[in-house]
Structures are given as structure tokens and as C-alpha cells.
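Visitor: Residue numbers (this note's numbering): 152 to 484.
One structure follows; several queries about it will come next.
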């Protein structure tokens with residue numbers, strides 16, 4: 152059947168939105184910027200067609216295939232929209248081998264494009280990113296595989312917090328994934344990352360739940376020490392006694408079901424992708440997710456910074472000037 156789009160002159164055979172474009176919407180206007188290009192598009196087409204069309208301009212669809220996926224759009228309207236994009240030099244032609252090489256990432260590019268115009272840009276950020284993954288076990292293995300499939304440029308693995316690079320080129324993000332949460336390991340990774348100014352995210356298993364977060368951004372969000380101290384401040388003797396009783400009657404952590412580890416890894420991978428692509432704000436920035444798949448429950452808890460935190464508090468970044476901020480030795484005449 153003739154769709155009316157096969158013979159459109161001046162258009163690439165497989166249109167692709169330029170990979171360096173960044174887009175934003177304001178009051179019915181779509182602004183696309185990249186390099187020396189800045190184009191503001193307005194009108195009915197921008198409101199009704201482009202939100203559906205732009206994610207599909209990935210260089211793998213011919214014009215008839217685009218028409219088939221947008222049956223509600225008249226052929227002349229589709230061609231007209233593409234010609235406007237081409238006239239502003241916003242389209243590229245697919246290069247040989249691109250479709251086969253990138254086919255596995257097509258769903259993710261469409262997802263990222265749904266969060267911001269120009270999903271290819273976000274995917275490019277991801278392919279140029281490096282992640283240091285610390286830990287071993289089901290969560291670490293599943294998370295490493297998920298990040299690789301998502302297209303993260305480099306995922307380095309290490310089993311100890313000493314694997315946090317403090318010299319040379321630092322990673323864009325550090326992730327600690329553990330089947331058995333260890334307080335000393337969490338503390339060491341937290342201190343190393345805050346000292347180096349590295350963002351990091353913990354993803355751990357408990358006996359009947361998983362935890363992702365809090366996502367730590369030095370000098371912006373609460374660190375893990377803030378998280379630990381606030382938990383301790385909210386605990387009571389009754390809580391401690393109940394916790395000891397529950398812990399003594401739980402099965403070993405090694406018996407945690409595989410699907411729980413996969414759930415934790417999948418949620419953590421999603422947070423990493425959002426952080427590295429900057430397509431949207433991760434939910435765990437300054438918060439943590441408690442995942443309880445055995446009862447189909449998920450809860451998001453905010454974690455506020457602790458003003459006098461010994462790891463990320465203000466005293467780390469400016470001299471102590473008030474008498475009540477001085478240690479006993481410093482206050483002694």
C-alpha cells in the first residue's frame with residue numbers, strides 16, 4: 152500500500168535526530184539546542200506530533216515504517232514535520248552498521264526520550280560514563296549485568312571498599328552492592344567517597360527486604376553517616392530489644408530469594424541510569440527506597456542532612472570558629 156511518504160525528497164531514508172541535541176519545553180515552545188544550533192518550534196505540530204515522533208527518530212525506521220507507527224498522522228503532516236527538522240539541520244542520516252550495533256538499546260533510548268527530548272543525547276552520556284561497582288553476591292552480579300546492558304561505558308568491579316579510586320581519573324559514580332550489609336564497609340565507602348567528592352549509591356539486601364539508597368552527593372545530600380545517626384536517634388530500648396528478637400528468629404541472609412536480589416539490582420540500575428543521563432532526578436537523591444517484594448510493598452523515606460555530621464558536616468569544609476564547635480583539646484588554653 153502506498154503510504155505517500157516513500158518519495159519524500161530531501162529527507163534521509165532513515166531519519167535520525169542529531170545526537171548532540173538537548174531539548175526543553177516551555178509554554179508550548181520546544182527549544183532544541185546543540186553546538187551552534189538553537190531552534191524554537193511552536194504550533195499544533197509541536198504539541199500533538201513531535202512528542203510521539205522525536206523518540207522514533209533513531210535512524211532505524213524508514214519513512215513508511217514511521218507512518219505505520221503513527222497511523223493517526225496524515226502522511227503530508229509527517230513529511231512536513233520531518234522537512235522542518237531537516238531544514239534546520241536537526242536530522243542525520245543513519246550510518247552503516249548503526250542500526251545493528253544499537254538495536255539492543257532502542258527501548259532505553261525511547262524511554263529516555265520520553266523523559267526529555269533527544270534520548271540519544273542521554274544515551275551518549277551513559278556510554279561515556281564510568282561506574283565503580285563494589286561488592287559481590289547476587290545483587291552485585293545482577294547489577295553489573297544490568298548496567299552493562301543499559302550501555303554504561305565502563306563498569307569496574309571490586310570486592311572491597313579499598314576499590315574506590317582515590318587517585319587518577321575518578322569514576323562518575325560508585326555503587327556498593329551487597330547481599331549482607333556490613334556497617335564497617337558502608338562507613339569506609341561513605342568516608343572515601345565524601346572525601347573524594349564522589350557520588351555513590353548503596354544497594355543492599357536484608358532478611359525480608361532490600362534497600363536502595365540514600366544516594367549520596369557530597370555537599371548536597373545527606374551522607375550515609377547522617378542516615379545511620381538519624382536511624383540511631385529514632386531508636387529506643389524497646390526497638391533494640393524487638394530488633395534483637397526478630398534478628399534471632401530470622402533465617403540466614405544467604406537464604407534471601409533470588410527475585411529479591413534481582414529486584415534490588417533492577418531498582419538500583421534504574422537510579423544509576425537516571426543519575427548518569429541526567430534525564431530525570433533519581434528518587435533516592437536524599438532518600439532511600441525500602442523494597443518488600445514478599446508483600447508487594449515499596450516505601451520512599453527522606454533522609455535529611457545532619458548539621459554536625461562528622462563525615463559531611465560544615466566543619467569538614469570551613470575552620471571551626473565558635474567555642475562550642477571546638478574539641479576539648481582545642482578549647483584548652
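We treat Cβ as the ideally placed atom computed from N, Cα and C, and that holds for glycine.
Is it the case that the segment 431–444 contacts the segment 405–422, given that we only count it when at least three CB pairs across the two stretches are under 8 Å?
Guide: The segment 405–422 is in contact with the segment 431–444.
Visitor: Does the distance from the CB of residue 439 to the CB of residue 368 come in under 8 Å?
Guide: Locating residue 439 in the chain shown gives position 288, where the first residue counts as 1. Locating residue 368 in the chain shown gives position 217, where the first residue counts as 1. Taking 8 Å as the Cβ cut-off, residue 439 and residue 368 do not qualify as a contacting pair.
Visitor: Straight-line CA distance for residue 340 to residue 302?
Guide: Along the chain shown, one-based indexing puts residue 340 at 189. Along the chain shown, one-based indexing puts residue 302 at 151. So the two alpha carbons sit approximately 25 Å from each other.
Visitor: With a cut-off of 8 Å, do at least 3 Cβ pairs link the segment 277–284 to the segment 225–244?
Guide: Touching, no.
Visitor: What first and last residue would you give for the alpha helix (DSSP H) that runs through residue 380?
Guide: Locating residue 380 in the chain shown gives position 229, where the first residue counts as 1. Start and end: 375–384.
Visitor: Is it right to say residue 422 is buried, meaning 16 or more other beta carbons lie within 10 angstroms of its own, or is it exposed?
Guide: In the chain shown, counting from the first residue as 1, residue 422 sits at position 271. Residue 422 comes out buried.
Visitor: Are there 16 or more other CB atoms within 10 angstroms of the CB of residue 376, so buried, or fewer, so exposed?
Guide: By one-based count along the chain shown, residue 376 stands at place 225. It counts as buried.
Visitor: Report the CB separation of residue 256 from residue 420 in whole angstroms; it is logged as a contact under 8 Å.
Guide: Your numbering for residue 256 matches position 105 in the chain shown. Your numbering for residue 420 matches position 269 in the chain shown. Residue 256 to residue 420, Cβ: 14 Å. No contact.
Visitor: Measure from the alpha carbon of residue 326 to the alpha carbon of each residue in 359, 346, 287, 358, then state which is nearest.
Guide: For this step, residue 326 is matched to residue 175 along the chain shown. It is 287 whose Cα lies nearest to the Cα of residue 326.
Visitor: Run through DSSP, which three-state label would residue 211 get?
Guide: Reading the chain shown from its first residue, position 60 is the one you call residue 211. If DSSP states are grouped into helix, strand and coil, residue 211 belongs with coil.
Visitor: Touch check for the segment 184–204 and the segment 230–243: three-plus C-beta pairs under 8 Å?
Guide: A contact exists between the segment 184–204 and the segment 230–243.
Visitor: In whole angstroms, give me the CA-to-CA distance for residue 208 and residue 167.
Guide: As a position in the chain shown, residue 208 is number 57, starting the count at 1. As a position in the chain shown, residue 167 is number 16, starting the count at 1. So the two alpha carbons sit approximately 4 Å from each other.
Visitor: In or out: residue 353 buried (at least 16 other Cβ within 10 Å) or exposed?
Guide: Stepping through the chain shown from its first residue, residue 353 is reached at position 202. With 16 or more other Cβ atoms within 10 Å, it is buried.
Visitor: Output needed for residue 413: all residues of its chain with C-beta closer than 8 Å, excluding positions within five of it in sequence on either side, in chain order.
Guide: As a first step, residue 413 must be located in the chain shown, where it is residue number 262. Once the five neighbours on either side are set aside, the close Cβ partners of residue 413 are 289, 293.
Visitor: Which residues in the same chain as residue 299 place their Cβ atom closer than 8 Å to its Cβ, once the five residues preceding and following it in sequence are excluded?
Guide: Reading the chain shown from its first residue, position 148 is the one you call residue 299. These residues qualify, in order along the chain: 306.
Visitor: Could you check which residue in 321, 163, 169, 379 has the C-alpha nearest to that of residue 344?
Guide: Here the question's residue 344 lines up with position 193 in the chain shown. Among 321, 163, 169, 379, the Cα nearest to that of residue 344 is on 321.
Visitor: Quick one: complete beta strand (DSSP E) runs, 3+ long, within the segment 279–353?
Guide: Runs found: 281–285, 305–309, 324–329.
Visitor: Tell me which residues share the same chain as residue 239 and place their Cβ nearer than 6 Å to its Cβ, disregarding the 5 neighbours each side in the sequence.
Guide: For the purposes of this step, residue 239 is taken as the residue at position 88 of the chain shown. The answer, listed in chain order, is 190.
Visitor: Would you list the one or two residues that DSSP bridges to residue 243?
Guide: Position 92 of the chain shown, counted from the start, is the residue given in the question as residue 243. Answer is 167, bridged to residue 243.
Visitor: If you run the structure through DSSP and keep just helix, strand and coil, what is residue 180?
Guide: The residue given as residue 180 occupies position 29 in the chain shown. Looking at residue 180 - three-state DSSP - the assignment turns out to be strand.
Visitor: Among the candidates 362, 259, 200, whose CA atom is the shortest distance from the CA of residue 179?
Guide: Here the question's residue 179 lines up with position 28 in the chain shown. The shortest C-alpha separation from residue 179 is found at 200.
Visitor: Locate the beta strand (DSSP E) running through residue 188, then write down its first and last residues.
Guide: Position 37 of the chain shown, counted from the first residue, corresponds to residue 188. Segment 188–192, the beta strand (DSSP E) holding residue 188.
Visitor: Find out if the Cβ-Cβ distance for the pair residue 242, residue 332 is shorter than 8 Å.
Guide: Looking up residue 242 in the chain shown gives position 91. Looking up residue 332 in the chain shown gives position 181. It is not a contact, given that the beta carbons lie outside the stated cut-off.
Visitor: Along the beta strand (DSSP E) that carries residue 443, what are the first and last residues, could you check?
Guide: By one-based count along the chain shown, residue 443 stands at place 292. Note, residue 443: beta strand (DSSP E), 438–443.
Visitor: Contact defined as beta carbons within less than 8 Å: I believe residue 276 pairs with residue 182. What is the distance between those atoms, to the nearest angstrom?
Guide: The residue you call residue 276 lines up with position 125 of the chain shown. The residue you call residue 182 lines up with position 31 of the chain shown. No, residue 276 and residue 182 are not in contact; Cβ-Cβ is about 19 Å, not under 8 Å.
Visitor: Have a look at the DSSP bridge pairing and note the partners of residue 236.
Guide: If you number the chain shown from 1, residue 236 lands on position 85. DSSP, once it has assigned bridges, lists no residue as partnering residue 236.
Visitor: Does residue 430 pass the burial test, meaning 16 or more other C-beta atoms within 10 Å, or should it be called exposed?
Guide: As a position in the chain shown, residue 430 is number 279, starting the count at 1. By the 10 Å Cβ count, residue 430 comes out buried.
Visitor: I'd like to know whether the C-beta atoms of residue 261 and residue 274 end up nearer to each other than 8 Å.
Guide: Here residue 261 corresponds to residue number 110 of the chain shown, with the count starting at 1. Here residue 274 corresponds to residue number 123 of the chain shown, with the count starting at 1. Their beta carbons are not under 8 Å apart, which means residue 261 does not touch residue 274 by this criterion.
Visitor: Would you call residue 455 buried or exposed, if buried means 16 or more other Cβ atoms sit within 10 Å of its Cβ?
Guide: The residue given as residue 455 occupies position 304 in the chain shown. Exposed, by the Cβ-count rule.
Visitor: Count the other CB atoms, across all protein chains shown, that sit within 10 Å of the CB of residue 334; report buried if there are 16 or more and exposed otherwise.
Guide: Reading the chain shown from its first residue, position 183 is the one you call residue 334. Exposed, since its Cβ has fewer than 16 Cβ neighbours within 10 Å.
Visitor: Could you check which residue in 346, 347, 365 has the C-alpha nearest to that of residue 355?
Guide: The residue given as residue 355 occupies position 204 in the chain shown. Taking only the C-alpha atoms, the option nearest residue 355 is 365.
Visitor: Taking the continuous alpha helix (DSSP H) assigned at residue 410, which residues delimit it?
Guide: As a position in the chain shown, residue 410 is number 259, starting the count at 1. Note, residue 410: alpha helix (DSSP H), 409–428.
Visitor: For residue 461, count neighbouring C-beta atoms within 10 Å of its own C-beta (all shown protein chains included) and say buried if the count is 16 or more, exposed if not.
Guide: Here residue 461 refers to the residue found at position 310 of the chain shown. Residue 461 comes out exposed.
Visitor: Could you compute how far the alpha carbon of residue 381 sits from the alpha carbon of residue 457?
Guide: Along the chain shown, one-based indexing puts residue 381 at 230. Along the chain shown, one-based indexing puts residue 457 at 306. Computed Cα separation, rounded: 8 Å.
Visitor: Find out if the Cβ-Cβ distance for the pair residue 169, residue 212 is shorter than 8 Å.
Guide: Taking the chain shown and counting its residues from 1, the one referred to as residue 169 is at position 18. Taking the chain shown and counting its residues from 1, the one referred to as residue 212 is at position 61. It is not a contact, given that the beta carbons lie outside the stated cut-off.
Visitor: What are the boundary residues of the alpha helix (DSSP H) that includes residue 201?
Guide: Sequence index remark: in the chain shown, residue 201 carries index 50 (1-based). Residues 201–204.
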